[in-house]
Amino acid sequence: MKKKVLFIMNNLTCGGAEKALISLLETMDYSHYDVDLFLLKHEGMFFCKIPSAVNVLEEPSDYRYFDMSMKKAFQDCLGKGKFKIALNRLLAGFIYKNEKNSARSEQRAWKYISKSLPNLHTRYDIAVGYLEKNPIYFCIDKVNAGKKLGFIHSDYNKMGMDAYIDQSYFGKLDHLVTVSEECREILKKNFPMHTEKIEVMYNIVSPATIHNLALEQVNWPGNELKLVSVGRLNHHKGFELAIDACKELVQAGYQVKWYIIGEGEERKNLEKLIAENELKDTFKLIGLKENPYPYIKAADIYIQSSRFEGKSIAVDEAKILQKPIVVTNFNTAKDQINDHENGLIVDMNSKSLFEGIAALIDNPALRKQFSMQLSNEQLGTESEIHKLYEMFK
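Those letters in the sequence shown? Residues 83 to 475, per our numbering, in order.
Here it is in structure tokens:
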């Protein structure tokens, strides 16, 4: 008898957790599991990547009111006689306006969003809230399942979450899963009462798939050294540090072009910084790419300038493509890079970032050494799926 499993996610936009979910779904054994996927919004560049074996549930129609302007939502609700939803949207709007921390805003607005969403009627063997906040809360509040799992994909301390809200939800999970040893230790310190249920499951990456997708050709003009970074355009990814480091590289006479693959809320601010530093022809925000691997493969150096990461999928992918890598010293950097063995870990400031990149530019032999080391490492994590199966038992 197949077990019936539900995965819950906000949407399938360009984030690392979204990509990790698709990789997980591509790896699952559908001869043993019937899988449903519930998304609060049917959108995102990975939506078309959902495996055909997965049954995508209907989008909750009233969630959209919490993702549009207050005025528009209120008018539409009142026009359709949805007075309770209008009230909940008003109360959530008060939180959105007054809570400056975006993570806490999402946490505190959930009680009003929740009142506007129906319970799922299907009984599941296992339900998985695959991301912190709303997916976990929905899993607990709205799903009937014999076993419940919640995933935390980042450093809990750095997200600015309200642990008091999460404590009651985490207490109702059978397993609280995170993506690195460092993230597990952080969760244990924040939630010592839940230590026994905290598990580590690394994000699933497939070298064969990545190498195959990387075969697509990318034609970049010019003979400059090509630097590549992948990540959402937000504060956490530290792209302001990258812009400052790029300016120092140019001032020092290095011929480089730095390409950023990703999109996000900080685009306008980053474009302003790029213009102020006269880097329009050097530091390029090239947006989302459905297939980023040819760009990473074409890079001379891969750079991750993040302020924090749970476990960077992009760094793992750059390792698989055997790129010389420079990363800032975020909490989990040492989980992925052995400094001066298969990459460089630098301090989290633009000067150190510049110095690390310059050191690799000046030393082609070191770049080759890092690539050779990565070619000898076992980097696939497809076997991580068995940890999930054990938690499903």
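Ideal Cβ positions, reconstructed from N, Cα and C, are used throughout, including at glycine.
Since the model is a prediction, treat every value here as computed from it, not as a measurement.
If we call anything under 8 Å between Cβ atoms a contact, is residue i one with residue j?
i, j, result
"Asn-413", "Val-428", "no"
"Lys-215", "Gln-189", "yes"
"Arg-266", "Val-282", "yes"
"Glu-181", "Asp-417", "no"
"Leu-121", "Leu-94", "yes"
"Ala-380", "Lys-450", "no"
"Glu-360", "Val-338", "no"
"Pro-397", "Asp-207", "A quick correction: the sequence has Val, not Pro, at residue 397. Contact: no."
"Ala-168", "Ala-334", "no"
"Ala-296", "Tyr-375", "yes"
"Ile-292", "Glu-399", "yes"
"His-317", "Glu-348", "yes"
"Gly-242", "Ala-185", "yes"
Excluding five sequence neighbours on each side, which residues of the same chain lie with their C-beta closer than 7 Å to the C-beta of residue i?
i, result
"Tyr-377", "Val-300, Val-310, Tyr-341, Ile-343, Lys-371"
"Ile-368", "Tyr-341, Ile-342, Ile-343"
"Lys-319", "Gly-313, Ser-387, Ser-388"
"Gln-404", "Ser-453, Leu-456, Ser-457"
"Glu-298", "Asn-373, Pro-376"
"Leu-213", "Met-91, Asn-92, Ala-99, Phe-233, His-235"
"Gly-175", "Met-152"
"Leu-173", "Tyr-194"
"Lys-179", "none"
"Lys-270", "Thr-277, Ile-280"
How big is the Cα-Cα spacing for residue i and residue j?
i, j, result
"Glu-358", "Asp-444", "27 Å"
"Asn-285", "Phe-165", "42 Å"
"Asn-137", "Ile-268", "34 Å"
"Gly-313", "Asp-116", "32 Å"
"Cys-328", "Asn-294", "31 Å"
"Lys-354", "Lys-362", "10 Å"
"Val-280", "Gly-161", "The identity of residue 280 in the sequence shown is Ile, whereas the question assumes Val. Their Cα atoms are separated by approximately 46 Å."
"His-114", "Glu-108", "14 Å"
"Asp-256", "Ser-434", "43 Å"
"Leu-442", "Ala-415", "18 Å"
"Asp-326", "Gly-392", "24 Å"
"Thr-364", "Leu-426", "23 Å"
"Leu-202", "Asn-226", "7 Å"
"Trp-302", "Ile-385", "18 Å"
"His-276", "Ser-465", "26 Å"
"Lys-350", "Leu-315", "10 Å"
"Phe-471", "Tyr-112", "The amino acid occupying residue 471 in the given sequence is Tyr; Phe does not appear at that position. Rounded to whole angstroms, Tyr-471 to Tyr-112 spans 12 Å at the Cα level."
"Asn-183", "Gly-304", "42 Å"
"Glu-322", "Phe-129", "30 Å"
"Lys-254", "Glu-125", "29 Å"
"Ala-209", "Leu-139", "14 Å"
"Gly-438", "Gln-460", "25 Å"
Throw me the rounded Cβ distance for the residue i and residue j pair, which I believe falls under 8 Å.
i, j, result
"Val-408", "Ile-383", "6 Å"
"Pro-289", "Gly-98", "No, Pro-289 and Gly-98 are not in contact; Cβ-Cβ is about 17 Å, not under 8 Å."
"Ser-236", "Phe-390", "7 Å"
"Ser-187", "Ile-195", "About 11 Å; that fails the 8 Å criterion."
"Leu-456", "Asn-424", "5 Å"
"Phe-474", "Lys-84", "Going by Cβ atoms, the distance from Phe-474 to Lys-84 rounds to 11 Å, so no, they are not a contact pair."
With a threshold of 16 other CB atoms inside 10 Å of the CB of residue i, please say whether the residue is buried or exposed.
i, result
"Ala-245", "exposed"
"Thr-204", "exposed"
"Gln-157", "exposed"
"Met-110", "buried"
"Thr-260", "buried"
"Lys-401", "buried"
"Asp-421", "exposed"
"Ser-394", "buried"
"Ala-191", "buried"
"Leu-159", "Contrary to the premise, residue 159 reads as Cys rather than Leu in this sequence. Burial call: buried."
"Lys-101", "buried"
"Gly-163", "exposed"
"Ala-447", "exposed"
"Tyr-238", "buried"
"Pro-406", "buried"
Can you find the residues in the same chain that come closer than 6 Å, C-beta to C-beta, to residue i, ignoring five residues on each side of it along the sequence?
i, result
"Gly-211", "Ile-90, Pro-217, Ile-218, Cys-221, Gly-232"
"Glu-330", "Phe-436"
"Lys-469", "Met-283"
"Leu-106", "Ile-286"
"Lys-197", "Asn-170"
"Ile-419", "Val-409, Gly-425, Ile-427"
Ordered along the chain, which non-local residues of its own chain (more than five positions away) have a Cβ less than 8 Å from that of residue i?
i, result
"Met-127", "Leu-94, Thr-95, Cys-96, Leu-370, Glu-372"
"Lys-68", "Given that the chain is displayed from residue 83 to residue 475, the structure contains no residue 68 and the question cannot be resolved."
"Phe-273", "Ala-245, Asp-248, Gln-249, Phe-252, Leu-258, Ile-280"
"Ile-356", "Ile-325, Lys-362, Phe-365, Leu-367"
"Leu-199", "Pro-142, Asp-144, Tyr-145, Phe-220, Lys-224"
"Val-332", "Val-338, Leu-361, Thr-364"
"Lys-240", "His-318, Arg-389, Phe-390, Asn-413"
Does any residue of chain D have a CB that is nearer than 8 Å to the CB of residue i?
i, result
"Ala-327", "In summary, chain D is missing from the structure at hand, where a single protein chain is found."
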